[in-house]
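Quick note on my numbering: the sequence shown kicks off at 16 and runs consecutively.
Cβ coordinates follow ideal geometry from the N, Cα and C atoms, glycine included.
Here's the structure, in structure tokens; my notes come after.
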Amino acid sequence: MNRALPAVQLRVPTDEDAFAWHRIFADPEVMEFHGGAAAELSVYEELTARQRRHDAEHGFCLWTVTGADGEVLGFTGAQPWPHPWGPAGEIEIGWRLGRRHWGQGYVTAAARTTLDRLRAAGVPGVVALVHARNERSIAVTGRLGMELAERFTTPCSRQEAHCYRLAL
């Protein structure tokens with residue numbers, strides 16, 4: 016049975032979103048596949064500023080996801096792959112939500128909106144690099160129609176990651 020996806024809004028991150036992201040991502044479960052702990056507030060301040068630049072330069076970024084009531088749920092969006100290893104030169108789609116919003120369709124709804132925006136911006140395809148044990152995110156890639164293309168061992172953590180691809 017397919018259930019209706021919840022309403023979400025995506026917006027370019029504001030200065031205030033750095034505080035919300037810092038609070039939301041302070042949960043060790045949320046950060047399990049992202050280093051295990053939330054970064055310092057200054058990292059999120061720099062990240063939201065960088066995303067504003069990305070949006071201005073590329074027409075896309077990691078957008079802040081809000082629910083129907085305006086509550087910040089996390090982020091989803093896309094940005095150029097930032098590392099010399101892996102899918103260098105490609106556009107990566109990604110997402111991260113607060114724990115209490117998992118399993119409700121928010122990521123799928125926000126990621127589909129992201130894909131629509133990327134198509135409109137002329138992006139030919141996307142990749143998603145997902146930790147091999149992150150079953151929730153792997154399931155999202157399937158709902159988006161992405162296919163497993165490669166496997167990587169990440170240089171920093173020496174963990175296995177899967178690279179999923181989708182032509183737009």
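Runs of the beta strand (DSSP E) lying entirely within the region 118 to 168, each at least 3 residues long, are 140 to 146, 162 to 168 in chain order. Relative to F75, the option among A83, G82, Q66 whose CA is nearest is Q66. The beta strand (DSSP E) runs of length 3 or more contained entirely in the region 48 to 127 are, from start to end of the chain, 77 to 81, 87 to 95, 106 to 112. Of the residues assessed, C178 falls on the buried side of the cut-off, its CB having 16 or more other CB atoms within 10 angstroms.
The C-beta of G109 has 16 or more other C-beta atoms within 10 Å across all chains shown, which makes the residue buried. In the three-state reduction of the DSSP assignment, A182 falls in the strand class. Its chain contains I106 as the residues whose beta carbon lies nearer than 7 Å to that of P95, once the 5 sequence neighbours on both sides are disregarded; these appear in chain order. In the assembly as shown, D30 is an exposed residue. Its beta-carbon has fewer than 16 other beta-carbons within 10 Å. Note on D32: 16 or more other CB atoms within 10 angstroms of its CB, so buried under the neighbour-count rule. Boundaries of the beta strand (DSSP E) around R26: 24 to 26. A176 carries a strand assignment under DSSP once its states are collapsed to helix, strand and coil.
Between the alpha carbons of G140 and D131 lies a distance of about 11 Å. Take the alpha-carbon of F34 and the one of G92: they are about 19 Å apart.
Note on S57: under 16 other CB atoms within 10 angstroms of its CB, so exposed under the neighbour-count rule.
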